[in-house]
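At position 85 of the sequence shown the residue is numbered 85 (the working numbering), and the sequence of numbers has no breaks.
Don't be surprised by glycine CBs; every beta carbon is placed ideally from N, CA and C.
Predicted, not measured: the structure shown is a model, and the values here were computed from it.
Take a look at the structure set out below.
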Amino acid sequence: MQAEWNVSETAIAVGITTFTCGFGIAPMVLAPFSEINGRRPIFVVTGTLFVIFQLICALTPTFAGMLISRFLVGCCSSTFSTMVGGVVSDIYHAKERNTAMALFSGSALFGTGFGPIISGVIAQHTTWRWIFYLQVITCGVMMIFILFFFKETRGSVLLSKKAKAVNKWIAQLESEGHYGFMMPLANSSKAGPITAPQRIRWKVKSDEERTSLGRMIGISLYRPFHLLFTESVVFFFSLWISFSWAVLYLTFSAIPLVFRTSHGFNLEQNGAVFTAISVAAIISTCISVAQEHIARTYFTGKQRAIFDGPEGRLYFACIQSALLPVGCFWFGWTSFPTNHWILPALGIGCATMGIFSIYLAVFNYLADTYHRYASSALAAQSFCRNILAGAFPLFTPQMFKAMTFQGAGSFLGGMGALLTIVPWVLVFYGPRIRARSKFASEIMD
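Spelled out as structure tokens, the structure:
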């Protein structure tokens, strides 16, 4: 792209930034639509547009067209990340949610590493446009499966459809003179109540409580930021996960720079280094599923009870999240040309395992703490996470060159170590903090 449009490396990285901006902003507006119309229509509409805009990315002749297309791709693809949490909550109870969320989180991180592997091979041997053509093909096939096999999961929408079907059936019976209910009239005589046929219609509570679409969008835009700046849990968790996600996106610029400079890697070889992220995602997923199962199987009584509360989501993360700063130090201080390339690659894998534990802990804790406000709390962290992650690739090359690879790795490791305090504070003081929150305490009452 740099060669074709004669732009700088930083300008090309803006494509990542515009994508993440769309990814962070769109859920704020799209969330009410999923509440009104259900998950499936949103998946179908945004997924179809996602494929179309991917095709535009492949065909665009201008750099400006690419940036605009990338923003729209981010907007449309955001539902396939943010709404998955809602789908999982629709299907699973809190105690069963960890495995489903671990599989989703693992697949998200696996794809983050697997994408550059495939892209590196394609760009090295053909043209960068085929990276987008391939996504059009694979995502197009995915949309066909969604169209035919994905069923609605949102309970209120399913109840609304059921109520409409039952009301239609009752209306048909009434048109034929069959009434299912005979109700006494107010002016019944002493000889006995006088009854008359009564029309009965079923209603869904969520339909009656639903406000106008404009008001719902307004709440959807306002409440996440209100929670972000008034709820300390949401603020510090958003800060924690935003930094970790920024480190993940930083690798898009850091890996090519470090391995090209220190080891002379070409485009395809740089892409292969991202295997560390995919392998780490698989290992982390297996560990997360296994440790939850082991804890609930072998712990009894009060020991098992600690895993039933929101703080139970943080015990494993308190230890595993330390892998993020360890991995950053590891990556930075093994990036000398004299060291084997596998050493910084292992550091990337270590940091990825820490990022996985943070992502899973933040989602599960916010969902368990805020319940019906969880979508707003998750939207707040999603917005912060994607905006910060999109900004990091813009200055990563400059930071690594100015601070040296070792200095930049140490800086990131130090920041990560400082933020690792967040889950420890909540483990010890979480119930007290939640009791002071009018949103979380409302659920506790």
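Using C-beta distances below 7 Å, list every residue in its chain close to residue i, excluding the 5 sequence neighbours before and after it, in chain order.
| i | result |
| --- | --- |
| Cys318 | Pro423, Trp424 and Val427 |
| Arg313 | Ala361, Asn364, Tyr365 and Asp368 |
| Ser206 | Ser156 |
| Met1 | Ile12 and Trp128 |
| Phe236 | Val422 |
Would you kindly work out how many angstroms separate the C-alpha atoms of residue i and residue j, rounded to a whole number?
| i | j | result |
| --- | --- | --- |
| Pro27 | Cys75 | 8 Å |
| Arg436 | Ile117 | 47 Å |
| Gln124 | Asn270 | 11 Å |
| Gln381 | Ser238 | 4 Å |
| Gly140 | Gln198 | 51 Å |
| Gln320 | Gln291 | 12 Å |
| Ala163 | Ile170 | 10 Å |
| Ile12 | Tyr429 | 44 Å |
| Met66 | Gln406 | 34 Å |
| Gly15 | Ser69 | 9 Å |
| Phe43 | Met403 | 43 Å |
| Thr138 | Phe80 | 15 Å |
| Arg154 | Ser8 | 46 Å |
| Thr251 | Ala345 | 11 Å |
| Leu267 | Thr126 | 12 Å |
| Phe411 | Ser253 | 16 Å |
| Lys438 | Phe336 | 52 Å |
| Ser357 | Ala64 | 37 Å |
| Leu419 | His293 | 28 Å |
| Ala322 | Thr48 | 40 Å |
| Lys95 | Ser175 | 48 Å |
Note down, in chain order, each residue of its chain lying with its Cβ closer than 6 Å to the Cβ of residue i, except the 5 sequence neighbours on either side.
| i | result |
| --- | --- |
| Gly413 | Pro325, Cys328 and Phe329 |
| Ile131 | Ser119 and Ile122 |
| Ser78 | Phe23, Ala26 and Pro27 |
| Gly38 | Glu152, Arg154 and Val157 |
| Thr46 | Cys76 and Thr79 |
| Thr99 | Val289 |
How far does the alpha helix (DSSP H) with residue i in it extend, from its first residue to its last?
| i | result |
| --- | --- |
| Ser81 | Thr79 to Ile91 |
| Pro61 | First-last for Pro61: undefined, no H or E at that position. |
| Asn98 | Arg97 to His125 |
| Trp341 | Trp341 -> no alpha helix (DSSP H), and no H or E assigned at all. |
| Leu419 | Ala374 to Leu419 |
| Gly312 | Counting along the chain, Gly312 falls outside any alpha helix (DSSP H), and DSSP gives it neither H nor E. |
| Met142 | Arg129 to Phe149 |
| Ser489 | It is not possible to answer for residue 489, since the shown part of the chain is limited to 1 through 445. |
| Asn167 | Gly155 to Ser175 |
| Gly332 | Leu323 to Trp333 |
| Val204 | Neither: Val204 is in no alpha helix (DSSP H) and is coded neither H nor E. |
| Asn270 | Leu267 to Val273 |
| Glu4 | Gln2 to Trp5 |
I'd like the list of long-range same chain contacts for residue i, defined as Cβ closer than 8 Å, with 5 residues on each side in sequence excluded.
| i | result |
| --- | --- |
| Val136 | Val51, Gln54, Leu55 and Ala58 |
| Met444 | Its pLDDT being 48, under 50, Met444 is placed unreliably by the model, and nothing is read from it. |
| Thr352 | Leu109, Gly113, Leu248, Ala276, Ile277, Ala280, Ala281, Ser284 and Gly327 |
| Pro224 | Met28, Ser376, Ala377, Ala379, Ala380 and Phe383 |
Establish whether the CB of residue i and some CB of chain B are separated by less than 8 Å.
| i | result |
| --- | --- |
| Lys95 | No chain B is present in this structure, which holds just one protein chain. |
For the segment 333–348 against the segment 252–271, do three or more pairs of beta-carbon atoms, one drawn from each stretch, fall closer than 8 Å, so that the two count as touching? Contact between the segment 333–348 and the segment 252–271 is present: 3 or more CB-CB pairs across the two stretches fall below 8 Å.
Stretch pair the segment 274–284 + the segment 383–398: three plus CB contacts closer than 8 Å: The segment 274–284, when compared against the segment 383–398, does not touch it at the 8 Å Cβ threshold.
Are at least three pairs of beta-carbons, each pair with one atom in the segment 18–26 and one in the segment 373–389, less than 8 Å apart? Yes, the segment 18–26 touches the segment 373–389.
Between the segment 234–251 and the segment 88–99, do at least 3 Cβ pairs fall closer than 8 Å? With a cut-off of 8 Å, the segment 88–99 and the segment 234–251 do not count as touching, because too few Cβ pairs lie within range.
Given 8 Å as the limit, is there contact between the segment 218–227 and the segment 370–378, that is, 3 or more CB pairs closer than that? Cβ pair count under 8 Å is three or more, so yes.
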